[in-house]
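In my numbering, the protein residues as written are 9 to 824.
Think of the CB as a built atom: it goes at the ideal place given N, C-alpha and C, for glycine as much as any other residue.
If you're wondering where the values come from, they're calculated on a predicted model, not measured in any experiment.
Here's the structure, in structure tokens; my notes come after.
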């Protein structure tokens, strides 16, 4: 039976192989790719070989040969570095579009992702001395590198990605790079080092705190001390123990602690804020992000999300679409979220992003105020427009890197660009904002069958366009530190400037007013800005284009089956294991295996138990045989009163959207074991912005008896500082529970090498079985965040009541 576990795992891998995956062997990397992506794989291999030496030079460590896996998860832009998985990185093939086209600005999609993720590998495998002995010799893994707890895990990668081209990388982004910190200083929302290292979900900047802020600080250190001193910091960290290591490394490399250097950086940044004057902010979304803006007959509408403590507690986010009318009147139109907004004849049209069975796609909705909603289309859509009530959409193919524009089901044109936004004029001609390798923001027209690019300079552009009196309105980073609004005339192609000293992701013009959105310079959050329409001729400074051409490197076709099996059978962790069952101590090993694409994992645990002097073995395999279909197999040998083997199969069945913000999901699970037991359930869920409801009916078969199972759970956030959870169910006995948490006060104090105290609140919980009250507690809690990336912990102190009466209550929990 022990031998059967890897056998089943290998069978699953063979099944995946039959789905036609391939591998190319380049000098320094194996490129794994699905069928149809060979040209992309060759480009990725050549690009990697071209940027590899630069990433190594920036860190000071050569990690050797790596694995690169191309992953197609639909309209999902991302990458993933796994130094512990035999130095593997995953590259998602979907380029940055919609709002990411500005917030993760890329001039060359694969160059940016490869530079970012490979820098992770070079950095996180930089382990020397005693830590290297512990990690690699004792545990056989790269998991325990002291660099994992460095404050610059993402800072080094954003610095590297921003070294390729002046308009690529988040440090070269005047909206979300250095300039974000200056504007946050204007609004008194500049975070401390401990805050930036530990806070994410409850702050409107989210991951930009840990990524962009720490990268900007890292950039400051490079400019002040030089790249060699920063590399000395990495070298010192590589051979030191966590926590204390970065403190000592900073003193050695820079002569000062990181906390003091961070304050120095803040003081220097304050001097730069003088060029960022206060602008007219007509509507501020406090602690919120704005995603898109469009003009209506009387004003503008914009989509937004507001974040709070409940966001980090349970994922609640307040979303909406709001209309602002010149003169100060604003009204909330709906609670729908939207990546992209359009307004036509009193109706709102919006695009959202959804994930089903691990694949992300886009949905186009129409919203007739006040309540009517209709799903118009769904697919790999990057942009859309409405013409006489009919849908025009741009569909992108990541294999060919072409976009096809459809009018209803009729194909209009196929172009080698990503369509970021589009408008249609009254005469039926299209205006498009485009991007492709070398250009993050071109403007083109399609009229009477003719496609014409009218603006294609290499400067970073905003996420969308508008049209006003024969001109296309757009935002661009034509001047360092700013992203102002500009216009290009469709006939003369002359460029004019509309704003001065602004940082706008997108701008529209209505009734001699320019409206745009960006970071507030008055409060923590994002704002809609308004400017008087003043058009002045503008000459764009000529710069060199991004003419990156990757090296043409020789490669060979590898044996995919052989490589994937050998990869899986080579452990990613082998660790000594000590366990205690309440009576006896057991010693053994934990051996972990992981496939190259992370879809298959296996844990093996041989154990010897003192007291009984018996050997035992536990093994578990979890794999994804199809997208959204997972299997599991557990084996227990030598463990009394436990089935020898258990197996399970789970899958997402379907999703049904009720509106753009609320979805119904259905799943299925079945499990059985060698003792004859079986469980099956059909979990159902309904989730919105501020609530979630789940129902899981099922049955359990054991010893010839059938037992019904039921679990009903509900959670909601009346405010973004409040969380309430209720539940009932049946498992042997009827049970019920209720709990709630309320924010009282933000503490926002910590010590950057270790912890950060976020908030303090009050909580209550009650639970029981049948008609009995089994437990109740009233307590205070503190949210203690980790600056080491270890998550939050909630110490709870109060009074409790149970069968034994009243008593002192203390608990460490992962939720409030």
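Exercise for the section: Return yes when the Cβ of residue 399 is within less than 9 Å of the Cβ of residue 392, no when it is not. Expected result: Cβ distance < 9 Å, so residue 392 and residue 399 count as in contact.
Problem - Three-state class that DSSP yields for residue 375 in the structure shown - result: Under the three-state reduction of DSSP, residue 375 is assigned to strand.
Problem - Local conformation of residue 582 per DSSP, three classes - result: In this structure, residue 582 counts as strand in the three-state DSSP scheme.
Practice task
Measure the alpha-carbon distance for residue 51 versus residue 32 and round it to whole angstroms.
Solution key: CA-to-CA, the gap between residue 51 and residue 32 works out to about 11 Å.
Handout entry: alpha helix (DSSP H) segment containing residue 456, residue limits
Key = Residue 456 -> no alpha helix (DSSP H), and no H or E assigned at all.
Practice task
Drop a sphere of 10 angstroms on the beta-carbon of residue 820, count the other beta-carbons inside from all chains shown, and report buried for 16 or more, exposed for fewer.
Solution key: Its Cβ having fewer than 16 others within 10 Å, residue 820 is exposed.
Handout entry: Status (buried if at least 16 other CB within 10 Å, exposed otherwise) for residue 418
Key = By the neighbour-count rule (16 or more Cβ atoms within 10 Å), residue 418 is not buried but exposed.
Exercise for the section: For residue 812, collect the residues of the same chain with a Cβ closer than 8 Å to its Cβ; drop the 5 residues on either side in sequence, then sort them by chain order. Expected result: Taken in chain order, the list of residues that qualify is empty.
Exercise for the section: Can you say whether residue 501 is buried or exposed, counting buried as having 16 or more other CB atoms within 10 angstroms of its CB? Expected result: Residue 501 should be labelled exposed.
Practice task
Within the segment 444-527, note down every full beta strand (DSSP E) run reaching 3 residues or more, in order along the chain.
Solution key: Fully contained in the segment 444-527 are the following beta strand (DSSP E) runs of length 3 or more, in chain order: 447-455, 458-463, 474-476, 479-484, 492-497, 503-505, 514-518, 521-527.
Exercise for the section: Pull up the distance between the alpha-carbon of residue 249 and that of residue 801, whole angstroms please. Expected result: Rounded to the nearest angstrom, the two C-alpha atoms are 23 Å apart.
Problem - Residue interval of the alpha helix (DSSP H) (run including residue 61) - result: Judged by DSSP secondary structure, residue 61 falls within the alpha helix (DSSP H) whose first and last residues are 46-67.
Handout entry: Candidates 522, 741, 408, of which the one nearest residue 334 by Cα
Key = The shortest Cα separation from residue 334 among 522, 741, 408 belongs to 522.
Problem - Run of the alpha helix (DSSP H) containing residue 120, from where it starts to where it stops - result: For residue 120, the enclosing alpha helix (DSSP H) begins and ends at 117-132.
Exercise for the section: Less than 8 Å between the CB atoms is what I'm expecting for residue 121 and residue 87, so what's the real figure, rounded? Expected result: Indeed, because the Cβ distance is near 4 Å, the residues count as touching under 8 Å.
Problem - Burial state of residue 1, where buried means 16 or more other Cβ atoms lie within 10 Å - result: In the structure displayed, the chain extends from 9 to 824; residue 1 sits before or after that span and is not available.
Problem - Among 442, 435, 407, 385, the one whose alpha carbon lies nearest that of residue 414 - result: Here the closest residue by C-alpha is 385.
Problem - Residue environment, residue 73, which counts as buried when at least 16 other CB atoms sit within 10 Å - result: So residue 73 ends up on the exposed side.
Practice task
Give every residue of the same chain whose Cβ lies closer than 7 Å to the Cβ of residue 406, excluding the five residues on either side of it in the sequence, and list them in chain order.
Solution key: Exclusion of the five residues before and after residue 406 leaves 80, 101, 102 as the residues of its chain whose Cβ lies within less than 7 Å of its Cβ.
Handout entry: Cβ distance (whole Å) where residue 225 is taken to contact residue 273 below 8 Å
Key = About 5 Å separates the CB atoms of residue 225 and residue 273; that is less than 8 Å, so the two are in contact.
Exercise for the section: With DSSP collapsed to three states, give me the class of residue 428. Expected result: DSSP places residue 428 in the strand class (E or B) of the three-state scheme.
Problem - Pick from 207, 368, 91, 779 that is closest to residue 765, judged by C-alpha positions - result: For residue 765, the closest alpha carbon among the candidates 207, 368, 91, 779 is that of 207.
Exercise for the section: For residue 780, count neighbouring C-beta atoms within 10 Å of its own C-beta (all shown protein chains included) and say buried if the count is 16 or more, exposed if not. Expected result: Residue 780 is exposed by the Cβ-count criterion.
Handout entry: Helix, strand or coil at residue 774 according to DSSP, with G and I counted as helix
Key = Strand.
Problem - Under the three-state DSSP convention, the category residue 15 falls into - result: For residue 15, the pLDDT reaches just 48, beneath the cut-off of 50, and the residue's location in the model is therefore unreliable, leaving the point undetermined.
Practice task
Using 10 angstroms around the beta-carbon of residue 795, count the other beta-carbons present and answer buried if the total reaches 16, otherwise exposed.
Solution key: Buried, since its Cβ has 16 or more Cβ neighbours within 10 Å.
Problem - Beta-carbon proximity list for residue 95, same chain, < 6 Å, skipping 5 on both sides - result: 71, 74, 129, listed in sequence order.
Problem - Nearest neighbour of residue 7, chosen from 584, 614, 463 [CA to CA] - result: Residue 7 falls outside the range modelled here, since the chain spans only 9 to 824, and no answer is possible.
Exercise for the section: Check whether the Cβ atoms of residue 476 and residue 536 lie closer than 9 Å to each other. Expected result: No, they are not a contact pair.
Problem - When 139, 142, 315 are compared against residue 215, the one with the closest alpha-carbon - result: Comparing alpha carbon positions, the residue from 139, 142, 315 closest to residue 215 is 315.
Problem - Sequence-distant residues of the same chain with beta carbon closer than 8 Å to residue 288, five excluded per side - result: For residue 288, where only same-chain residues beyond five positions count, the Cβ hits under 8 Å are 537, 538, 539.
Problem - Assigned exposure category for residue 358 - 16 Cβ within 10 Å defines buried - result: A buried status is given to residue 358, since no fewer than 16 other beta-carbon atoms sit within 10 Å of its beta-carbon.
Problem - Rounded straight-line distance, which links the Cα of residue 640 to that of residue 707 - result: Rounded to whole angstroms, residue 707 to residue 640 spans 19 Å at the Cα level.
Exercise for the section: Name the residue from 44, 30, 803 whose alpha carbon lies nearest to the alpha carbon of residue 409. Expected result: Residue 409 has its Cα closest to that of 44, out of 44, 30, 803.
Practice task
Kindly indicate which three-state DSSP category residue 558 falls into: helix, strand or coil?
Solution key: If DSSP states are grouped into helix, strand and coil, residue 558 belongs with coil.
Practice task
State the Cα-Cα distance for the pair residue 618 and residue 596, rounded to the nearest angstrom.
Solution key: Whole-angstrom Cα-Cα distance: 11 Å.
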